[in-house]
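Peer 1: Each residue of the sequence shown is one higher than the one before, starting from 88 at the first, in the working numbering.
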Amino acid sequence: MLCLDGMKNMMDIGGPQLRQLDEALLSAFPTRDSLERMVQYRLNENLSAIAGNGNLHDTVFRLTQRAKARGRLKELILAAREENPRNPQLRNVALQLGVIKKFPLSPPMLPRLIAPFRKLDRRRSVIIASGFLAIILFSLCTYLAPSLFHTTTMPGPTPTVSHTPVLNSTLMPSSTSISLPYPIYPREIGVYPDEYGENIGLSDGSYALDVGNERPGSDSKSQASEALSKGDVGGATALWHQALYVDSSDAESLIYLENQSIRASGMLYATIVIGSLLADKPIDYSSRDELQGAYIAQKEYNDAAKVSGGLLLRLLIAKSGNNPFNSMKVANQIVQAALFDKTIIGVLGWATTRCSLNVLSILTNAHIPLLASSAAGDDLTSRSSYFFRVVPQNKKGAPVLAKYVETKLKLQRLVAVYEEKDAFSQNFVDTFTLQLTNDGQQAPTRLTYEHLSTPEKMAQVVQRVLEMQPDGVLLASSRSTDIANFRAALPRNSNVKVLASGVQYANANAPAGEYPGTPGLIFVSSGFPDEWSIIKPSLQAPSFFNEYKGQFDPYNQ
88 MLCLDGMKNM MDIGGPQLRQ LDEALLSAFP TRDSLERMVQ YRLNENLSAI
138 AGNGNLHDTV FRLTQRAKAR GRLKELILAA REENPRNPQL RNVALQLGVI
188 KKFPLSPPML PRLIAPFRKL DRRRSVIIAS GFLAIILFSL CTYLAPSLFH
238 TTTMPGPTPT VSHTPVLNST LMPSSTSISL PYPIYPREIG VYPDEYGENI
288 GLSDGSYALD VGNERPGSDS KSQASEALSK GDVGGATALW HQALYVDSSD
338 AESLIYLENQ SIRASGMLYA TIVIGSLLAD KPIDYSSRDE LQGAYIAQKE
388 YNDAAKVSGG LLLRLLIAKS GNNPFNSMKV ANQIVQAALF DKTIIGVLGW
438 ATTRCSLNVL SILTNAHIPL LASSAAGDDL TSRSSYFFRV VPQNKKGAPV
488 LAKYVETKLK LQRLVAVYEE KDAFSQNFVD TFTLQLTNDG QQAPTRLTYE
538 HLSTPEKMAQ VVQRVLEMQP DGVLLASSRS TDIANFRAAL PRNSNVKVLA
588 SGVQYANANA PAGEYPGTPG LIFVSSGFPD EWSIIKPSLQ APSFFNEYKG
638 QFDPYNQ
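1) Beta-carbon separation of Asn409 and Glu285 under 8 Å?
2) Using a 10 Å radius around the Cβ and a threshold of 16 neighbouring Cβ atoms, would you call Ser625 buried or exposed?
3) Which stretch, first to last residue, makes up the beta strand (DSSP E) that contains Glu543?
4) Check whether the Cβ atoms of Leu496 and Phe519 lie closer than 8 Å to each other.
5) Does the distance from the CB of Leu467 to the CB of Leu450 come in under 8 Å?
6) Just list the residues that DSSP pairs Asn286 with in beta bridges.
7) Considering only residues of the region 298–330, which uninterrupted alpha helix (DSSP H) runs meet the minimum length of 4 residues and lie entirely inside it, listed in chain order?
8) Using CA atoms only, rank isn't needed, just tell me which of Gly141, Leu143, Glu132 and Asp145 is closest to Glu162.
9) For Lys636, which residues in the same chain have their Cβ closer than 6 Å to its Cβ, ignoring the five residues on either side in sequence?
10) Please state whether DSSP places Arg159 in a helix, a strand or coil.
11) Under the three-state reduction of DSSP, which class applies to Glu339: helix, strand or coil?
12) Ignoring anything shorter than 3 residues or poking outside the region 405–441, list the beta strand (DSSP E) runs there in chain order.
13) What is the DSSP secondary structure of Leu534, reduced to helix, strand or coil?
14) Taking just the CA atoms, how far does Ser312 sit from Ile361?
15) Express the C-alpha separation of Gly304 and Asp334 in angstroms, rounding to a whole number.
16) Quick test of your reading: Tyr33 and Ser564, contact by CB under 8 Å. State the CB separation rounded to the nearest angstrom.
17) Applying the 10 Å Cβ sphere with the 16-neighbour rule, what's the burial state of Asn525?
18) Below 8 Å between beta carbons: does that hold for Phe148 and Asp109?
19) Counting along the chain, where does the beta strand (DSSP E) carrying Lys584 start and finish?
20) Look at the Cβ atom of Tyr388, then the Cβ atom of Ala338, and state whether they are nearer than 8 Å.
21) Over the uninterrupted alpha helix (DSSP H) stretch that includes Val478, give me the two end residues.
22) Only counting the same chain, and skipping five residues up and downstream in sequence, which positions put a Cβ closer than 7 Å to that of Pro191?
23) Could you tell me the alpha carbon to alpha carbon distance between Leu523 and Tyr356, rounded to whole angstroms?
24) At what residues does the beta strand (DSSP E) containing Ala459 begin and finish?
25) For the 8 Å Cβ check, are there 3 or more pairs between the region 361–375 and the region 404–418?
26) What is the residue span of the beta strand (DSSP E) that Leu637 lies within?
27) What ranges does the alpha helix (DSSP H) occupy inside the region 369–410, keeping only unbroken runs of at least 4 residues that lie completely in it?
28) Pull up the distance between the alpha-carbon of Ala221 and that of Gly380, whole angstroms please.
29) So, under 8 Å CB-CB, Arg566 and Phe511 are touching, yes? Tell me the CB distance rounded to an integer number of Å.
30) Which residue from Gln423, Leu165 and Met354 puts its Cα closest to that of Lys431?
31) For a test of the three-state rule: what should DSSP assign to Leu501, helix, strand or coil?
32) State the DSSP-derived secondary structure class of Thr520, mapped to helix, strand or coil.
33) Identify every run of the alpha helix (DSSP H) within the region 103–173, keeping only runs that are complete inside it and at least 4 residues long; order them along the chain.
34) From Glu282, Leu105 and Leu184, pick the residue whose C-alpha is nearest to that of Gln152; which is it?
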């Protein structure tokens with residue numbers, strides 16, 4: 088066994104040890120996207136510049152060879168361990184090479200969470216609420232020590248913060264030492280533009296996140312947030328109601344109104360942050376669905392808690408926008424907010440596998456649980472003891488769709504179209520293909536498209552697909568708009584079957600006529616609102632669905 092104690096430097100490592108390291112890296116980072124993220128954000132390097140754009144095995148080989156040549160093997164191993172600390176092969180390689188002397192202990196817990204999780208272990212009080220499209224899980228300790236939560240009313244409006252990125256040592260409590268790997272932006276609650284001009288950040292109502300020409304009532308929402316930031320709670324409340332009169336489907340306004348109801352009650356509360364894309368241009372309708380489900384769960388729980396005298400639930404909303412890497416900036420903002428607000432006990436989100444992978448290590452290091460309702464990628468499995476999800480993994484859903492293709496549709500010429508560098512899309516196609524080939528079927532031809540492809544670019548992808556003369560297309564995407572744009576570009580007389588994951592169902596909430604041609608898709612989903620009337624109409628649907636319809640579609644639109 089070769090250890091650093093017996094070597095002058097890492098340059099002495101030979102072929103067998105490098106092969107073990109290559110295998111460990113391939114195990115820890117099964118997609119190029121995950122490896123690229125680790126290299127860029129842990130080593131501050133560009134993977135393509137280091138290793139080119141070859142297959143994953145060649146890329147890992149070139150990466151380790153370059154790291155050895157530059158004396159950075161130890162740095163590479165430590166960076167990989169930080170990104171994926173629970174991978175056993177990485178751990179074993181690090182031990183064998185002496186990079187770590189023993190199994191590392193978990194980092195010390197931040198002071199604000201030591202007592203809550205001890206109580207959580209003793210009492211195991213968990214609250215589970217349903218959500219729209221997928222179940223929404225809230226893990227909430229009902230009997231936390233009162234000293235850990237505000238014993239007075241909820242704090243009033245957040246003080247005005249700078250929209251310029253700020254990093255000030257005075258923002259951190261003097262008793263807490265925490266090293267964050269990415270930049271910190273406005274203090275606690277705040278919104279700021281990313282490099283493309285899209286506003287991202289964390290809001291308690293002081294900032295309107297889901298606004299724009301496509302969202303009716305946006306002017307009233309923006310005015311409400313401005314009023315709240317100035318301390319005019321009554322004016323903000325009236326303006327949120329005015330926005331809802333224009334658009335009854337707006338969950339963001341309802342969440343802010345419920346939070347103000349908590350403030351007025353004077354009761355104890357805990358806080359969960361909703362981590363969401365809430366992207367615009369194109370709009371991410373799945374994010375709006377999630378906020379709707381979160382509000383129904385919050386309201387249902389709080390109504391019962393107010394009667395019983397239990398702990399109430401406040402929701403903050405975090406928006407990361409279209410750029411997946413923004414989620415890391417926003418996750419660091421959540422960590423910072425949690426240092427000042429001891430009621431924050433967890434994050435619900437992110438909706439996509441890619442964003443969940445981006446934020447997981449940041450939240451884990453801060454001991455903040457991440458609860459996912461729709462991130463199905465297998466890459467998230469066993470990554471962290473602080474990660475939970477209620478949606479089936481791709482390894483459960485993709486084979487169901489593959490079996491349906493084999494036994495019912497009997498398609499023979501499949502093309503798999505997926506977003507390049509998206510962990511969920513690649514994983515779904517890989518798992519789908521594995522099931523087909525294990526059953527003796529031919530693997531589908533693969534074709535990739537760019538992130539946030541415009542309708543025009545998607546039309547070009549459709550043309551390339553049609554030139555292959557398939558009888559079926561598997562379209563794997565994390566964005567419902569991609570699937571809708573693809574389907575809209577197909578000729579009206581096309582008989583090509585389009586297969587997808589459940590993310591496409593979000594198009595049902597798009598404005599009428601925005602995505603023509605979406606009917607007829609074949610998709611696999613863990614759950615969807617119509618299932619109670621389609622699959623088993625004799626069963627009474629849970630109360631959640633009646634509450635949802637009554638709240639967001641009171642006029643049967």
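Here a beta-carbon is modelled for each residue, glycine too, at the ideal position from N, C-alpha and C. In this text the structure is predicted, and so the values were computed from the model without any measurement.
Peer 2: Considering the structure as presented:
1) Numbered from 1 along the sequence shown, position 322 holds the residue referred to as residue 409. Numbered from 1 along the sequence shown, position 198 holds the residue referred to as residue 285. Going by C-beta atoms, Asn409 is nearer than 8 Å to Glu285.
2) Working through the sequence shown from its first residue, we reach residue 625 at position 538. Exposed: under 16 other Cβ atoms inside 10 Å.
3) Position 456 of the sequence shown, counted from the start, is the residue given in the question as residue 543. It is not in any beta strand (DSSP E) - Glu543 instead sits in the alpha helix (DSSP H) that spans Pro542 to Glu554.
4) Your numbering for residue 496 matches position 409 in the sequence shown. Your numbering for residue 519 matches position 432 in the sequence shown. No; because the gap between Cβ atoms is not below 8 Å, this pair is not in contact.
5) Within the sequence shown, residue 467 is the residue found at index 380, counting from 1. Within the sequence shown, residue 450 is the residue found at index 363, counting from 1. Their beta carbons are not under 8 Å apart, which means Leu467 does not touch Leu450 by this criterion.
6) In the sequence shown, counting from the first residue as 1, residue 286 sits at position 199. Per DSSP, Pro280.
7) 305–316
8) Here residue 162 corresponds to residue number 75 of the sequence shown, with the count starting at 1. Checked all of Gly141, Leu143, Glu132 and Asp145; the closest Cα to Glu162 is Glu132.
9) Within the sequence shown, the letter at position 549 stands for residue 636. Here the set comprises nothing.
10) Mapped onto the sequence shown, residue 159 falls at position 72. Three-state DSSP puts Arg159 in coil, outside helix and strand.
11) Against the sequence shown, residue 339 aligns to sequence position 252. Glu339 falls in the helix class under three-state DSSP.
12) 431–435
13) Position 447 of the sequence shown, counted from the start, is the residue given in the question as residue 534. Leu534: strand per DSSP, three-state reduction.
14) Along the sequence shown, one-based indexing puts residue 361 at 274. Along the sequence shown, one-based indexing puts residue 312 at 225. The alpha-carbon atoms of Ile361 and Ser312 are separated by roughly 18 Å.
15) Counting from 1 along the sequence shown, the entry for residue 334 is found at position 247. Counting from 1 along the sequence shown, the entry for residue 304 is found at position 217. So the alpha carbons of these two residues sit roughly 6 Å apart.
16) Because the chain is modelled from 88 through 644, residue 33 falls outside the range shown and cannot be assessed.
17) On the sequence shown, residue 525 is found 438 positions in, with the first residue counted as 1. So Asn525 counts as exposed.
18) Counting from one through the sequence shown, the residue named residue 148 turns up at place 61. Counting from one through the sequence shown, the residue named residue 109 turns up at place 22. Cβ distance < 8 Å, so Phe148 and Asp109 count as in contact.
19) In the sequence shown, counting from the first residue as 1, residue 584 sits at position 497. Counting along the chain, the beta strand (DSSP E) containing Lys584 begins and ends at Lys584 to Ser588.
20) Mapped onto the sequence shown, residue 388 falls at position 301. Mapped onto the sequence shown, residue 338 falls at position 251. In this structure, Ala338 does not lie closer than 8 Å to Tyr388 by Cβ.
21) One-based indexing of the sequence shown puts residue 478 at position 391. Careful: Val478 lies outside any alpha helix (DSSP H) and carries neither H nor E.
22) Indexing the sequence shown from 1 puts residue 191 at position 104. Because the pLDDT at Pro191 is just 36, under 50, the model does not fix this residue reliably, and the value given afterwards should be weighed accordingly. Contacts found: none.
23) Taking the sequence shown and counting its residues from 1, one reaches residue 523 at position 436. Taking the sequence shown and counting its residues from 1, one reaches residue 356 at position 269. One C-alpha to the other measures close to 50 Å.
24) Position 372 of the sequence shown, counted from the first residue, corresponds to residue 459. Taken as a continuous stretch (DSSP letters only), the beta strand (DSSP E) holding Ala459 covers Leu457 to Ala459.
25) yes
26) Residue mapping note: residue 637 aligns to position 550 of the sequence shown, counting from 1. Checking the sequence shown, residue 637 turns out to be Gly, not Leu. Segment Ser630 to Phe639 is the alpha helix (DSSP H) holding Gly637; no beta strand (DSSP E) there.
27) 372–395
28) Counted from its first residue, the sequence shown places residue 221 at position 134. Counted from its first residue, the sequence shown places residue 380 at position 293. Unreliable placement is indicated for Ala221, whose pLDDT of 36 sits below 50; the coordinate value is still reported in the next sentence. If you take the alpha carbons of Ala221 and Gly380, they lie about 9 Å apart.
29) Sequence index remark: in the sequence shown, residue 566 carries index 479 (1-based). Sequence index remark: in the sequence shown, residue 511 carries index 424 (1-based). So it is not a contact: roughly 10 Å between Cβ atoms.
30) Within the sequence shown, numbered from 1, the residue matching residue 431 stands at position 344. This sequence places Ile at residue 431; Lys is not what is there. It is Gln423 whose Cα lies nearest to the Cα of Ile431.
31) To locate residue 501, count along the sequence shown from 1; it is residue 414. In this structure, Leu501 counts as strand in the three-state DSSP scheme.
32) Taking the sequence shown and counting its residues from 1, one reaches residue 520 at position 433. Reduced to three states, the DSSP call for Thr520 is helix.
33) 119–129, 134–138, 143–156 and 160–170
34) Residue numbering aside, residue 152 sits at position 65 when the sequence shown is read from its first letter. When only C-alpha atoms are compared, the closest one is Leu105.
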